[in-house]
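*Asks:* Chains as they are written, first to last, in my numbering: chain A, 804 to 948; chain B, 156 to 249.
Quick look at the structure:
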């Protein structure tokens, strides 16, 4: 659908687990059953279109994405309602509440979820050359020279 | 509820590195949700098609950004003419 001189931009979380933090202290992780696998699969999908010579990576970077709540209970509810198959376990909630209780709440520190996100910009390459590998009957695309 | 996503605007900064200007560009956003990212470029872009299977989220986007062509569909249902857009943006959707 993109023009030959257009581009594809992908943003997706890394396969690393999302962490609960209070200030600089990590209190646990978000239990997101299949998220690491899904996010790793996104990386594999990007690598595949590059390997097949369909796209070239023009730029890639990663950044940290924080989601804050006023309370850990609020964050927990948000995660359950808005993330796919995700939850925060009771022990993590307790640790987060305890960390917040150490005078930080009065300083305006809020609990947060930390995610590492990968951003990639890809450019479509010239139409790949299709060759028929007669030896094994597989048709594959060759990247342009 | 006071959930605050990316108040540091790291995501917007990253998008700005990837696409310094959306001016005059035709954009398709896959996985637009409620428009968290869409609102950052919709005003500058020539046109925006934003899709997401979540009807409630798309309704929020439409209420805020009526000029965006927002559709409650998945990527499998998206049909566009070849070479009709400048940027395809996958927003946390791969």
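A virtual CB, placed ideally from N, CA and C, is assigned to each residue, including glycine.
Since the model is a prediction, treat every value here as computed from it, not as a measurement.
From residue 160 (chain B) to residue 870 (chain A), what distance separates their C-alpha atoms?
*Replies:* Here the question's residue 160 (chain B) lines up with position 5 in the second chain. Here the question's residue 870 (chain A) lines up with position 67 in the first chain. Residue 160 (chain B) and residue 870 (chain A): Cα-Cα distance of roughly 4 Å.
*Asks:* Pull up the distance between the alpha-carbon of residue 197 (chain B) and that of residue 234 (chain B), whole angstroms please.
*Replies:* To locate residue 197 (chain B), count along the second chain from 1; it is residue 42. To locate residue 234 (chain B), count along the second chain from 1; it is residue 79. Approximately 21 Å, taken between the alpha carbons.
*Asks:* Please return the same chain residues whose Cβ sits closer than 6 Å to the Cβ of residue 824 (chain A), not counting the five positions on each side in sequence.
*Replies:* Within the first chain, the letter at position 21 stands for residue 824 (chain A). Correct list, in chain order: 915 and 917.
*Asks:* With a 10 Å radius around its C-beta and 16 neighbouring C-beta atoms as the bar for buried, classify residue 175 (chain B) as buried or exposed.
*Replies:* Here residue 175 (chain B) is taken as the residue at index 20 of the second chain, counted from 1. Looking at its Cβ environment, which holds fewer than 16 other Cβ atoms inside 10 Å, residue 175 (chain B) is exposed.
*Asks:* Under a CB-based cut-off of 7 Å, is residue 232 (chain B) close to chain A?
*Replies:* Here residue 232 (chain B) is taken as the residue at index 77 of the second chain, counted from 1. No, residue 232 (chain B) lies away from the interface with chain A (no Cβ there is under 7 Å from its Cβ).
*Asks:* Would you say residue 167 (chain B) and residue 195 (chain B) are within 7 Å of each other, going by their C-beta atoms?
*Replies:* Numbered from its first residue, the second chain carries residue 167 (chain B) at position 12. Numbered from its first residue, the second chain carries residue 195 (chain B) at position 40. In this structure, the beta-carbon distance from residue 167 (chain B) to residue 195 (chain B) falls below 7 Å.
*Asks:* Determine which residues of the segment 197-230 of chain B have a Cβ less than 7 Å from any Cβ of chain A, and write them out in chain order.
*Replies:* Result list empty, no residue passes.
*Asks:* Suppose contacts are defined by Cβ-Cβ distances below 7 Å. Is residue 925 (chain A) in contact with residue 860 (chain A) by that definition?
*Replies:* Start at 1 with the first residue of the first chain, and residue 925 (chain A) comes out as number 122. Start at 1 with the first residue of the first chain, and residue 860 (chain A) comes out as number 57. Cβ distance < 7 Å, so residue 925 (chain A) and residue 860 (chain A) count as in contact.
*Asks:* Leaving out five residues on either side along the sequence, give the residues of the same chain with a beta carbon under 8 Å from the beta carbon of residue 907 (chain A).
*Replies:* Here residue 907 (chain A) corresponds to residue number 104 of the first chain, with the count starting at 1. Taken in chain order, the residues that qualify are 825 and 826.
*Asks:* Kindly list, in the order they appear in chain A, the residues whose Cβ is closer than 8 Å to that of residue 162 (chain B).
*Replies:* Taking the first residue of the second chain as position 1, residue 162 (chain B) is located at position 7. Chain A residues near residue 162 (chain B): 869 and 871.
*Asks:* Below 9 Å between beta carbons is the criterion; list the residues of the segment 804-824 of chain A that meet it against any residue of chain B, in chain order.
*Replies:* 804, 805, 806, 807, 808, 809, 810, 811, 812, 813, 814, 815 and 816
*Asks:* For a contact defined as C-beta to C-beta under 8 Å, what are the partners of residue 866 (chain A) on chain B?
*Replies:* In the first chain, the residue the question calls residue 866 (chain A) occupies position 63. Within chain B, the residues placing a beta-carbon under 8 Å from that of residue 866 (chain A) are 165, 166, 168 and 169, ordered along the chain.
*Asks:* Residues of chain A with CB closer than 9 Å to the CB of residue 178 (chain B), please, in chain order.
*Replies:* For this step, residue 178 (chain B) is matched to residue 23 along the second chain. Residues of chain A passing the Cβ test: none, with the nearest at roughly 15 Å.
*Asks:* What is the DSSP secondary structure of residue 201 (chain B), counted as helix, strand or coil?
*Replies:* Numbered from its first residue, the second chain carries residue 201 (chain B) at position 46. The answer is coil: DSSP assigns residue 201 (chain B) none of H, G, I, E or B.
*Asks:* Pick out whichever of B:163, B:179, B:183 and B:157 has its Cα sitting closest to the Cα of residue 236 (chain B).
*Replies:* As a first step, residue 236 (chain B) is located in the second chain; it is residue number 81 there, counting from the start. Among B:163, B:179, B:183 and B:157, the Cα nearest to that of residue 236 (chain B) is on B:183.
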